[in-house]
Amino acid sequence: MLGWSATDSVIGLFRKASTTEGVTWNLGRLPFPYEKFELLKKIDANTAFLELSPDGKQISKMAMSASGASLKLISLPDGKETEVVNYHSSQSLYLQDVEWSNNSRYVCFLIQDASMKGKARVGVYDNDSGSYKTYQLKDIERGRTLTGVNISDDGHSVLLTLFENKSGRSNRIVMGMINGSDIIVKYEHQTGREQNAWLNNDQFVYLGTDGTLYEYDRRTSELTVLLDKVSNFEFSRDRKYVAYSLYDKDTIFVGKLQGKNVLYEEPVYHGVIPSKIFWSPDNKSLLIHGRKYYSSVQGGLVESNTADELPFVLTFQ
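Take the sequence shown: its position 239, counted from the start at 1, is 240 in this note's numbering, and no numbers get skipped.
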């Protein structure tokens with residue numbers, strides 16, 4: 002599933018197998034009560050990545066083919082495609098890790114240049130103005146591989162995740178400011194996972210090596226601990242609430258973010274370890290991907306035998 006298109010509708014990519022066409026992928030909508038599939042569009046086989054905008058109105062579609070790499074936007078619900086970025090195969094460029102800003106204005110992604118030993122740039126498409134720009138990364142040393150990018154709502158800052166393969170392998174998060182055609186590093190810290198999020202244009206959160214959920218404020222350079230032993234988290238679009246799970250716990254919790262504290266933490270679902278959580282626009286439901294677990298006699302968690310666990314919607318009373 003890709004997320005919510007409205008308070009009572011989710012969007013997903015569905016696999017279909019037939020003897021005549023083989024395996025095909027269809028973009029579809031599931032309106033409440035999330036049982037009847039409505040076809041929106043068939044997806045090309047060369048599609049590498051789809052990402053739904055936070056407002057649920059568009060989907061970014063990255064495609065790789067013999068002719069080159071492209072980024073298209075699919076409008077919902079009509080399924081109309083608009084190409085916004087195109088690189089010919091002769092340029093030896095590869096696009097990866099597409100992300101939307103929280104306000105759905107910007108689409109950002111990494112551009113890997115095969116002719117320059119994998120040197121990466123950041124591409125940013127402005128959905129309001131229709132403009133596209135690329136930025137060079139300053140202060141990123143050799144031996145580091147960029148793995149992700151996340152842009153702020155004002156389009157002035159980015160969070161970069163990278164893998165460092167020197168003096169002990171580690172994951173890092175970098176906050177950079179856009180200055181002209183360059184991205185200047187302003188903050189760096191070791192991380193446990195690539196997951197991060199902007200709370201606003203000046204504050205962001207990320208997971209530390211021990212599962213600590215940190216919040217960093219670049220205005221004051223203050224680093225705050227919000228939660229401990231977190232394995233996965235997702236903030237609501239208005240950034241008022243956070244849903245999260247803890248290491249070795251098959252429970253999903255929800256808390257309210259007030260200042261630099263998470264308050265009123267409550268368990269909302271047991272028996273699943275989530276891999277992805279999506280908040281509905283009205284903050285009344287969660288769309289959850291995850292694997293179900295049960296408690297063993299020895300006291301640990303054992304994964305269920307079901308090969309594929311279907312995503313489900315959890316609605317708060």
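For glycine and all other residues, C-beta sits at the position ideal for the given N, C-alpha and C.
On a predicted model such as this, the values are computed, not experimentally measured, just so you know.
Check: Beta bridge counterpart(s) of ALA244 as assigned by DSSP; Outcome: GLU235, VAL255
Check: Assigned secondary structure, ALA198 (DSSP; H/G/I helix, E/B strand, else coil); Outcome: strand
Check: Cα-Cα separation between VAL298 and GLY291, rounded to whole angstroms; Outcome: The predicted position of VAL298 is uncertain, since its pLDDT is 47 and thus under 50; no value can be drawn from it.
Check: Coarse secondary structure for VAL298, derived from DSSP in three states; Outcome: Interpretation of VAL298 is limited by its pLDDT of 47, a score under 50 that renders its predicted location unreliable; the figure taken from the coordinates is listed afterwards. Three-state DSSP puts VAL298 in coil, outside helix and strand.
Check: Beta-bridge pairing of TYR88 - partner residues as DSSP gives them; Outcome: ALA70
Check: Neighbourhood of VAL206 by C-beta distance below 7 Å, restricted to the same chain and skipping five residues each side; Outcome: ASN197, ALA198, LEU200, LEU214, TYR215, GLU216, LEU227
Check: Distance between ILE174 and GLU195 (C-alpha atoms, nearest Å); Outcome: 8 Å
Check: Alpha-carbon spacing of SER182 relative to LEU74, whole angstroms; Outcome: 24 Å
Check: Nearest-angstrom beta carbon gap, THR192 and GLY209 [assumed within contact, 8 Å]; Outcome: 6 Å
Check: Contacting residues, own chain, Cβ-Cβ under 8 Å from ALA115 (five flanking each side not counted); Outcome: SER93, LEU94, TYR95
Check: CB of VAL11 within 9 Å of CB of LEU288, strictly; Outcome: yes
Check: Enclosing beta strand (DSSP E) for ILE152 [first to last residue]; Outcome: 145 to 152
Check: Contacts around ASP9, its chain only, beta-carbon distance under 7 Å, and the 5 residues preceding and following it disregarded; Outcome: PRO32, PHE33
Check: CB of ARG145 within 9 Å of CB of THR135, strictly; Outcome: no
Check: Residues near SER6 in its chain [Cβ-Cβ closer than 7 Å; skip 5 each side]; Outcome: ILE12, ARG30, GLY57, LEU77
Check: Buried or exposed by the 16-neighbour rule on C-beta atoms within 10 Å, applied to GLU84; Outcome: exposed
Check: Element boundaries [beta strand (DSSP E), containing THR262]; Outcome: In the sequence under discussion, the amino acid at residue 262 is Asn, which differs from the Thr named in the question. 262 to 271 is the extent of the beta strand (DSSP E) around ASN262.
Check: Distance CB(ILE112)-CB(GLY124) smaller than 9 Å; Outcome: yes
Check: Beta carbon of GLY272 nearer than 9 Å to that of TYR248; Outcome: no
Check: As assigned by DSSP and simplified to three states, the class of ALA308; Outcome: Any reading at ALA308 needs caution, since the residue's pLDDT is 48, under 50, leaving its predicted position unreliable; the model's value is listed next. Looking at ALA308 - three-state DSSP - the assignment turns out to be coil, as it is neither helix nor strand.
Check: LYS37 versus ASN87 - alpha carbon distance; Outcome: 36 Å
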